[in-house]
Amino acid sequence: MGAIRNQRGSDSCDQRQRPMLLTRKTDYALVALAGLARQADAASARDLAEQLHLPLPVLRNILKDLATHGLLLSSRGPSGGYRLARDPHDISLADIVGVIEGPVQLLKCCPADPNELKPGCRLEDSCRIKSNVGRVHERLMEFLHDVTLDQIADESGTTEGITTLRSASPTTLTYGAG
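In our numbering, the protein residues as written are 52 to 229.
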């Protein structure tokens with residue numbers, strides 16, 4: 052017997068095995084911002100694309116978005132380019148993900164604000180996971196706010212705070228070296 056297929060014709064087991072991922076655009080944004088964090092001078096989109104092996108058209112759009120939202124400063128001219136708008140220690144992973152991905156939302160029916168259930172949800176009156184998903188969301192956001200660009204840009208791979216993310220107890224998520 053063949054695998055069960057969903058309405059789109061793909062195997063149902065394929066749907067269960069898809070990981071929750073940030074987009075390639077966020078990946079490129081992190082790489083570009085880490086590259087800028089490691090240098091003192093402004094860099095053009097073209098130079099960054101070449102140095103970091105990123106596609107120039109996509110990178111240009113990402114850099115414009117990051118500048119529009121205040122994470123980068125841009126200047127024109129021969130010595131122009133992009134540079135960080137603030138210290139890498141003051142730019143969080145939440146800032147970056149928020150600009151590129153928009154609000155973090157764990158479930159479609161549970162918006163980023165856990166107190167705001169989507170109207171029309173048929174489980175609205177009897178939802179048994181809303182408060183727990185809300186707590187998971189709060190912990191995730193705390194973690195995203197605690198991880199900074201300087202930690203991401205640290206090439207040593209030993210940055211305290213993002214080495215591991217583990218569950219210390221059923222109700223407490225911790226991050227750190229250990």
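By construction, the Cβ of each residue, glycine as well, lies at the ideal position given by its N, Cα and C atoms.
If contacts are defined as beta-carbon pairs under 8 Å, then residue 121 and residue 136 qualify, I think. What distance do you get, rounded to the angstrom? Yes, residue 121 and residue 136 are in contact; Cβ-Cβ is about 6 Å, under 8 Å.
Who are the Cβ neighbours of residue 11 in its own chain at under 6 Å, not counting the five residues just before and after it? Shown here, the chain extends from 52 to 229; a query on residue 11 therefore has no answer.
Between the CA atoms of residue 177 and residue 84 - distance to the nearest angstrom: Each residue's Cα considered, the two are about 44 Å apart.
Which of the three DSSP states, helix, strand or coil, is assigned to residue 174? Judged by DSSP in its simplified three-state form, residue 174 adopts coil rather than helix or strand.
Proximal residues to residue 143 (C-beta, below 8 Å), its chain only, five neighbours per side dropped: Apart from the 5 residues on each side of it in sequence, residue 143 sits with its Cβ closer than 8 Å to the Cβ of 195, 196, 197, 198, 199 and 200 in its chain, given in chain order.
Please identify the residue among 77, 73, 80 and 88 whose C-alpha is closest to the C-alpha of residue 140. Measuring from the Cα of residue 140, the nearest candidate turns out to be 88.
Helix or strand or just coil, what does DSSP make of residue 204? Here residue 204 sits in helix by DSSP.
Measuring from the CB of residue 205, is there a heavy atom of the ligand SAH at a distance below 7 Å? In terms of ligand content, the structure shown is empty, and the ligand SAH therefore cannot be addressed.
For residue 72 and residue 187, I'd like the C-alpha separation in whole angstroms. Each residue's alpha carbon lies about 17 Å from the other.
Flag this pair as yes or no: are the beta carbons of residue 116 and residue 155 separated by less than 8 Å? It is not a contact, given that the beta carbons lie outside the stated cut-off.
Collapsed DSSP secondary structure at residue 144 in the structure displayed: In the structure shown, residue 144 sits in a helix (DSSP, three-state: H, G or I).
Kindly list the residues whose CB is nearer than 7 Å to the CB of residue 191, restricted to its own chain and excluding five residues on each side of it in sequence; keep chain order. Excluding sequence neighbours, residue 191 sits near 155.
Give the straight-line distance between the Cα atoms of residue 152 and residue 74, rounded to the nearest whole angstrom. Cα to Cα, the separation comes out at about 8 Å.
Could you compute how far the alpha carbon of residue 104 sits from the alpha carbon of residue 127? C-alpha of residue 104 to C-alpha of residue 127: approximately 23 Å in a straight line.
Check residue 219 in the structure and name its three-state DSSP category. Below a pLDDT of 50, predicted positions are generally treated as unreliable, and residue 219, at 38, falls in that range; the measurement from the model is reported next regardless. Strand, per DSSP.
For the region 78-135, which segments carrying the beta strand (DSSP E) assignment without a break, of at least 3 residues, lie completely within its bounds, in sequence order? At a cut-off of 3 residues, the continuous stretches assigned as beta strand (DSSP E) that sit fully inside the region 78-135 are 123-126 and 132-135.
With respect to the alpha helix (DSSP H) encompassing residue 155, which residues constitute its N-terminal and C-terminal limits? That residue, residue 155, is in no alpha helix (DSSP H); it is neither H nor E in DSSP.
Looking only at DSSP bridge pairs, what is residue 74 linked to? Residue 74 is not bridged to any residue.
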